[in-house]
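Trainee:
Numbering (my numbering), first residue to last: 14 to 118.
1) Quick check: the Cα distance between residue 97 and residue 56, rounded to an integer number of angstroms?
2) Name the two residues that bound the continuous alpha helix (DSSP H) containing residue 85.
3) Can you list, in chain order, the residues of its chain whose CB lies under 6 Å from that of residue 62, leaving out five sequence neighbours each side?
4) For residue 68, count neighbouring C-beta atoms within 10 Å of its own C-beta (all shown protein chains included) and say buried if the count is 16 or more, exposed if not.
5) Can you tell me which of 103, 108 and 109 puts its alpha carbon nearest to the alpha carbon of residue 60?
6) Quick one: grab the DSSP three-state call for residue 30.
7) If you follow the alpha helix (DSSP H) that residue 68 is part of, which residue opens it and which one closes it?
8) Quick one: what does DSSP say residue 14 is sitting in, helix, strand or coil?
In structure tokens form, the structure reads like this:
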């Protein structure tokens with residue numbers, strides 16, 4: 014591999030692997046995710062946005078996320094359309110009542 018020492022090559026591989034996982038650069042099959050794909054936005058960020066909407070007003074959070082997704086779709090911004098659609102799904106999950114009386118919600 015380009016005349017590198019074996020340990021150096023292993024170290025480089027591990028650095029690239031960790032960076033790819035941390036920043037969501039590829040999927041589970043190590044196919045690169047295009048920059049314009051909302052799949053690069055981590056689930057934690059989606060749930061954080063959903064949580065902020067629900068903290069502002071729990072009753073209108075779903076409608077607000079849907080409204081934002083429709084607004085960006087209208088201008089052809091597919092990346093943000095997909096992101097807001099995922100936020101709307103996360104709001105729905107966050108608003109569901111637990112099916113067990115002792116479940117934490």
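A virtual CB, placed ideally from N, CA and C, is assigned to each residue, including glycine.
Owing to the predicted nature of the structure, the values given are computational and were not obtained by experimental measurement.
Mentor: This is what the structure gives:
1) Taking the chain shown and counting its residues from 1, the one referred to as residue 97 is at position 84. Taking the chain shown and counting its residues from 1, the one referred to as residue 56 is at position 43. Going from the Cα of residue 97 to the Cα of residue 56 covers about 12 Å.
2) Counting from 1 along the chain shown, the entry for residue 85 is found at position 72. From DSSP, the alpha helix (DSSP H) with residue 85 extends over 74-87.
3) Start at 1 with the first residue of the chain shown, and residue 62 comes out as number 49. So the list reads 100, once near-sequence residues are dropped.
4) As a first step, residue 68 is located in the chain shown; it is residue number 55 there, counting from the start. Exposed, since its Cβ has fewer than 16 Cβ neighbours within 10 Å.
5) Taking the first residue of the chain shown as 1, we reach residue 60 at position 47. The shortest Cα separation from residue 60 among 103, 108 and 109 belongs to 103.
6) Stepping through the chain shown from its first residue, residue 30 is reached at position 17. Helix.
7) Sequence index remark: in the chain shown, residue 68 carries index 55 (1-based). It spans 56-69 - the alpha helix (DSSP H) in which residue 68 sits, taken as one unbroken run.
8) Against the chain shown, residue 14 aligns to sequence position 1. With a pLDDT of only 44 at residue 14, under 50, the local geometry of the prediction cannot be trusted, and the value read off the model is given with reservation. Coil, per DSSP.
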